[in-house]
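Protein chains: 2
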Amino acid sequence: MHATMMNTPLSLNHLLERAGTLFPKSEIVSRLPDKSLRHHTYGEFYQRTRAFAAALKGLGLQKGERVATLCWNHHAHLECYFGIPAAAGVMHTLNLRLSPDELGWIAGNAKDRFLVIDDILLPLYRQFAHLHSFEKVIVFPFSGAPVPVEFTDYEALLAQAVGKTFTYAPHDENDPVAMCYTSGTTGRPKGVAYSHRSTILHTLVGCLGDFWGLKGTDSVLPVTPMFHANCWGVPYGAVMMGVKLVFPGPHLHPDDLLDLMTLQPPSLSLGVPTIWMSLIQTYDAAQKEGSPNLGRWKLPKGMRSLVGGAAVPETLIRAFDAHGIWLLQGWGMTETSPLATVSYPKSELVDAPLDERYRRAALAGVPVPLVDLRVRGEDGQDQPWDGKSVGEIQVRGPFITSSYHEVPVEPDKFTADGWLRTGDVASMDALGFVKISDRTKDLIKSGGEWISSVDLENALMGHPAVAEAAVIAIPDEKWSERPLACVVLKAGLAATPTELNTLLLGKSFAKWQLPERYEFIDAVPRTSTGKFWKMKLRERFPG
Amino acid sequence: MHATMMNTPLSLNHLLERAGTLFPKSEIVSRLPDKSLRHHTYGEFYQRTRAFAAALKGLGLQKGERVATLCWNHHAHLECYFGIPAAAGVMHTLNLRLSPDELGWIAGNAKDRFLVIDDILLPLYRQFAHLHSFEKVIVFPFSGAPVPVEFTDYEALLAQAVGKTFTYAPHDENDPVAMCYTSGTTGRPKGVAYSHRSTILHTLVGCLGDFWGLKGTDSVLPVTPMFHANCWGVPYGAVMMGVKLVFPGPHLHPDDLLDLMTLQPPSLSLGVPTIWMSLIQTYDAAQKEGSPNLGRWKLPKGMRSLVGGAAVPETLIRAFDAHGIWLLQGWGMTETSPLATVSYPKSELVDAPLDERYRRAALAGVPVPLVDLRVRGEDGQDQPWDGKSVGEIQVRGPFITSSYHEVPVEPDKFTADGWLRTGDVASMDALGFVKISDRTKDLIKSGGEWISSVDLENALMGHPAVAEAAVIAIPDEKWSERPLACVVLKAGLAATPTELNTLLLGKSFAKWQLPERYEFIDAVPRTSTGKFWKMKLRERFPG
């Protein structure tokens with residue numbers, strides 16, 4: 007027999023229509039470069055987004071073609087989130103923290119046809135414009151200054167299209183809507199392409215009560231960049247539930263974020279540990295007698311907060327809880343849309359001692375619905391949930407990538423039975439909490455951004471005086487991790503850290519990706535199979 | 007280009023595995039016929055459900071074959087919810103309130119291969135056993151008495167299979183998992199068959215914060231029968247989130263429900279208005295000085311409550327709110343899985359006067375995500391959202407039926423562009439709240455159950471003394487609606503209500519489906535096209 011259900015495809019366009027009809031009065035607040043606030047309603051967002059989609063069609067955008075964005079968090083970026091897919095295009099978010107070389111390469115690899123860019127980011131664009139030719143560069147006049155004549159004005163484009171009839175292009179639920187590039191251990195970044203289906207499923211799961219817990223009366227402040235795994239998918243959830251959105255624009259300094267939280271108190275905020283750490287330190291310092299900021303800020307009462315993108319230290323959880331704010335930690339990757347696990351107070355923990363709850367909150371958490379997660383030991387067997395036995399985290403599910411854009415499937419990335427090999431090493435405890443202990447991939451996570459140690463090593467070893475270079479992560483209170491380069495010089499030759507940094511800057515590394523420190527050593531320890539034995543280096547240089 | 011996401015099928019089996027591994031300590035409490043409570047853990051539920059699935063496979067159940075259930079709400083019925091699909095079968099819930107004739111016909115139409123039945127319902131089974139031959143009748147020893155030897159003992163079946171290896175049958179996400187029959191205007195009931203996909207999507211949507219708002223720390227009391235549109239889908243959501251479940255068994259008397267709420271306080275309960283009305287009246291009466299029940303019951307503090315299956319009067323909402331319990335009204339049908347709209351406090355209502363909030367709470371509510379809803383006027387156009395213009399509610403979405411089991415698609419049930427015609431007439435207001443004003447289908451909703459007026463009319467007109475009969479709904483404080491039969495006698499002939507009731511009982515109507523009252527009239531008013539003009543009758547007999 008057959009089920010009798012309709013085969014209606016899952017669609018982002020449904021969320022946009024829902025927002026425009028059911029929640030026309032919900033608010034979107036964006037902080038502009040001059041720190042003033044611009045207010046939009048969902049009704050305006052709906053009109054503008056459809057106008058943008060109509061304009062893209064008018065420019066000849068074809069189904070599946072990429073439109074890149076290079077933007078901070080604001081209303082126009084949200085219009086791209088929905089408008090580009092509404093025009094059947096694929097939104098490709100470019101990470102403004104990457105080096106110009108890398109940005110140019112990525113845009114070329116993705117064959118981005120158009121670019122939507124904040125006017126204040128045009129200096130960055132000019133540094134990689136020679137590497138990829140966008141057919142049209144659409145400039146969002148974020149600062150309010152006139153758009154240079156050689157570019158297309160985003161607002162003028164919308165103004166032409168507002169009120170014109172627009173019809174959504176028919177689509178399959180597996181058609182792509184968005185694309186993010188992610189750094190691998192080595193080699194160039196690779197593209198992950200999300201579909202209508204994966205995005206809707208991820209949105210529904212993320213919104214559940216134990217995770218984002220979004221309700222229509224919420225107000226969300228996404229500090230997480232909209233170019234990081236689609237801002238963890240939260241903007242989609244907010245639009246589905248009709249939630250007020252408060253975007254910080256380019257102002258991520260703790261003073262600015264605290265000003266914004268005081269002015270437009272969110273009930274849910276999200277960001278990386280590095281920023282959250284500065285935030286609470288700044289706030290706590292302001293409470294001290296004699297502080298010039300005494301009385302300036304108010305942390306929103308009962309605010310929930312999602313922190314992810316790097317391990318969340320227990321001290322951070324305690325620091326926020328002292329103000330009645332419970333941090334929810336999530337773990338995931340660009341490849342997992344990204345939500346794979348969340349550390350929420352499971353029912354078993356309700357009556358547990360507070361120390362126990364803090365300890366669990368500092369773990370990566372338990373898998374969310376629709377995500378199958380296993381920890382595979384060296385022997386290819388699933389590890390017992392004993393909190394000790396470690397193995398590689400492997401995941402499977404409808405919002406997890408099965409390949410990379412136009413890259414042949416690599417066996418070290420996916421298992422024979424179709425699971426994603428995350429490269430993270432972890433154990434699981436009796437309650438199903440994942441504890442990440444190590445990384446099989448050689449990557450450093452600094453301020454929520456990846457740095458490839460292998461890429462740094464290869465570049466360093468390109469210096470004529472360098473015999474060997476091994477890069478490891480060292481813990482860093484502010485950035486979570488920073489790279490430490492262990493360098494072996496060739497006999498009789500010399501190289502200074504400044505010299506090596508100059509070399510790296512010339513090889514498309516961004517400033518923040520440079521090693522925090524150099525250690526000149528006699529030899530890199532090696533395993534029996536001849537590989538760099540980084541564990542030994544980590545023991546020698548614990549921080 | 008293509009999206010890179012995995013094509014993992016949505017699956018109920020994923021929820022079962024999740025429950026068994028992540029929530030082994032969550033509780034399931036069932037009230038037995040003797041009113042004692044039986045406790046299970048999710049760990050036991052998981053073992054038992056897999057054992058049941060293994061046993062069904064052992065009995066030769068093939069993919070897509072139907073296993074009927076005739077059960078009250080309890081843990082074994084939950085095991086059927088997951089165990090039958092785990093064995094690749096389709097759970098077909100039989101409504102124990104239907105007449106034996108109808109039950110027999112439905113089981114035959116569905117070609118149910120096996121039946122799982124509560125021992126205390128065997129007397130009902132014996133009344134329709136001659137109408138359909140189940141290959142095996144599996145009796146759940148709910149009362150604790152030995153199972154008669156001619157039947158299969160559910161517990162013995164499980165005991166044989168416990169601990170044996172079990173592997174899920176591979177399936178497509180569109181494969182059926184459950185089936186419910188629903189009464190139409192006329193003719194026999196028709197089957198709606200849900201798929202893995204529709205069930206998972208409905209579960210995710212229902213669990214969202216503004217609707218069921220399920221969190222792992224919740225405790226749910228489903229008074230809604232598990233044979234009514236899968237208990238509104240709530241058991242699936244509870245299992246997904248690891249929520250404690252409290253099942254009332256056969257004890258739906260207000261005293262019993264209040265006892266249970268006092269013993270095992272739920273944070274969320276669900277039921278039909280008829281039962282909720284008796285509940286609050288009984289509770290309020292017990293608070294009066296001199297009541298024999300003074301101090302016997304405690305309404306759970308902060309309990310949320312879902313009410314649906316029939317219109318919820320504002321008085322009921324006010325009566326519960328007086329005790330700090332906010333009723334959430336939902337509207338839907340068996341055909342819509344069933345959640346289509348929910349009347350929740352939208353953000354626009356946060357600062358609205360309480361009267362305004364009560365008024366909105368008494369409406370059917372706003373469409374949930376993934377459900378497209380339109381109100382089509384007589385002219386085939388969508389009505390404006392002005393709170394006045396009425397039309398038929400039509401819906402579309404991935405958990406809405408597109409046909410009925412083995413019935414050719416009828417044009418009066420579905421529009422040419424693929425929307426379900428619900429037969430309910432409604433308007434929509436500026437906030438998107440649906441207000442149901444009438445029914446195009448001739449059905450009476452009594453205590454959450456449908457009664458077909460056309461079927462009653464046809465049966466009554468079968469009496470030799472009856473010239474014409476028109477049945478309308480009259481409002482009823484307890485049952486929401488009850489049937490009133492307007493009968494025109496043939497000249498010179500006579501028939502008494504008792505005589506007519508006897509006739510109906512002989513024609514497969516259940517006792518509760520009989521007209522509440524008979525009015526003997528001279529003629530049935532007719533429209534210009536010669537149809538019964540029931541509006542005129544409703545005006546004449548308002549109650």
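Residue numbers (the working numbering), protein chains in the order written: chain P, 7 to 549; chain U, 7 to 549. Ideal placement from N, C-alpha and C gives every residue a C-beta, glycine not left out.
Could you pull the start and end residues of the beta strand (DSSP E) that residue i belongs to?
{"i": "residue 142 of chain U", "result": "142-146"}
{"i": "residue 186 of chain U", "result": "182-188"}
{"i": "residue 363 of chain U", "result": "Residue 363 of chain U -> not in any beta strand (DSSP E); alpha helix (DSSP H) instead, spanning 360-367."}
{"i": "residue 123 of chain P", "result": "120-124"}
{"i": "residue 97 of chain U", "result": "96-99"}
{"i": "residue 541 of chain U", "result": "From DSSP, residue 541 of chain U is part of no beta strand (DSSP E) but of the alpha helix (DSSP H) over 540-546."}
{"i": "residue 161 of chain P", "result": "No beta strand (DSSP E) holds residue 161 of chain P; the alpha helix (DSSP H) holding it covers 160-167."}
{"i": "residue 379 of chain U", "result": "378-382"}
{"i": "residue 399 of chain U", "result": "397-402"}
{"i": "residue 305 of chain P", "result": "Element bounds for residue 305 of chain P: n/a, residue is neither H nor E."}
Closest to residue i by CA distance: which of the options is it?
{"i": "residue 87 of chain U", "options": "U:542, U:201, U:149", "result": "U:201"}
{"i": "residue 252 of chain P", "options": "P:206, P:48, P:370", "result": "P:48"}
{"i": "residue 7 of chain U", "options": "P:79, P:83, P:308, P:118", "result": "P:118"}
{"i": "residue 369 of chain U", "options": "U:321, U:123, U:335", "result": "U:335"}
{"i": "residue 395 of chain P", "options": "P:353, P:352, P:441", "result": "P:441"}
{"i": "residue 129 of chain U", "options": "U:145, U:275, U:318, U:29", "result": "U:145"}
{"i": "residue 398 of chain U", "options": "U:431, U:414, U:413", "result": "U:431"}
{"i": "residue 126 of chain P", "options": "P:373, P:150, P:462, P:351", "result": "P:150"}
{"i": "residue 178 of chain U", "options": "U:421, U:405, U:16", "result": "U:16"}
{"i": "residue 350 of chain P", "options": "P:389, P:502, P:310", "result": "P:310"}
{"i": "residue 314 of chain P", "options": "P:323, P:466, P:45", "result": "P:323"}
{"i": "residue 453 of chain P", "options": "P:238, P:365, P:230", "result": "P:230"}
{"i": "residue 67 of chain P", "options": "P:391, P:238, P:92, P:198", "result": "P:92"}
{"i": "residue 318 of chain U", "options": "U:301, U:422, U:305, U:367", "result": "U:367"}
{"i": "residue 439 of chain U", "options": "P:21, P:27, P:19, P:109", "result": "P:27"}
Give me the DSSP bridge partner(s) of residue i.
{"i": "residue 513 of chain P", "result": "According to DSSP, residue 513 of chain P bridges with nothing at all."}
{"i": "residue 11 of chain U", "result": "P:407"}
{"i": "residue 413 of chain U", "result": "U:410"}
{"i": "residue 68 of chain P", "result": "Paired residues: none, contrary to the question."}
{"i": "residue 337 of chain P", "result": "P:347"}
{"i": "residue 493 of chain P", "result": "P:475, P:526"}
{"i": "residue 373 of chain P", "result": "P:347"}
{"i": "residue 45 of chain U", "result": "U:35"}
{"i": "residue 433 of chain U", "result": "U:441"}
{"i": "residue 197 of chain U", "result": "U:187"}
{"i": "residue 74 of chain P", "result": "P:98, P:121"}
Grab the span of the alpha helix (DSSP H) containing residue i for me, first residue to last.
{"i": "residue 205 of chain U", "result": "202-212"}
{"i": "residue 33 of chain P", "result": "Residue 33 of chain P -> not in any alpha helix (DSSP H); beta strand (DSSP E) instead, spanning 33-37."}
{"i": "residue 50 of chain P", "result": "48-64"}
{"i": "residue 82 of chain U", "result": "81-92"}
{"i": "residue 21 of chain U", "result": "18-28"}
{"i": "residue 107 of chain U", "result": "106-116"}
{"i": "residue 497 of chain U", "result": "Premise fails: residue 497 of chain U is in no alpha helix (DSSP H) and is neither H nor E."}
{"i": "residue 320 of chain P", "result": "320-327"}
{"i": "residue 133 of chain U", "result": "128-134"}
Measure the beta-carbon distance from residue i to residue j and round it to whole angstroms, keeping in mind my assumption that it falls under 8 Å.
{"i": "residue 89 of chain U", "j": "residue 72 of chain U", "result": "Residue 89 of chain U to residue 72 of chain U, Cβ: 14 Å. No contact."}
{"i": "residue 408 of chain U", "j": "residue 424 of chain U", "result": "7 Å"}
{"i": "residue 24 of chain P", "j": "residue 228 of chain U", "result": "28 Å between Cβ atoms; not a contact."}
{"i": "residue 240 of chain P", "j": "residue 276 of chain P", "result": "6 Å"}
{"i": "residue 273 of chain P", "j": "residue 343 of chain P", "result": "Not quite, the Cβ-Cβ distance comes to about 23 Å (not below 8 Å), so this is no contact."}
{"i": "residue 11 of chain U", "j": "residue 206 of chain P", "result": "Rounded, the Cβ-Cβ distance is 11 Å, inconsistent with contact."}
Practice task
Any chance you could list the beta strand (DSSP E) runs of at least 3 consecutive residues sitting entirely within the segment 452-490 of chain P, in chain order?
Solution key: 455-458, 472-482
Problem - Any alpha helix (DSSP H) of 4 or more consecutive residues that is wholly inside the segment 229-283 of chain U - result: 240-247, 260-269
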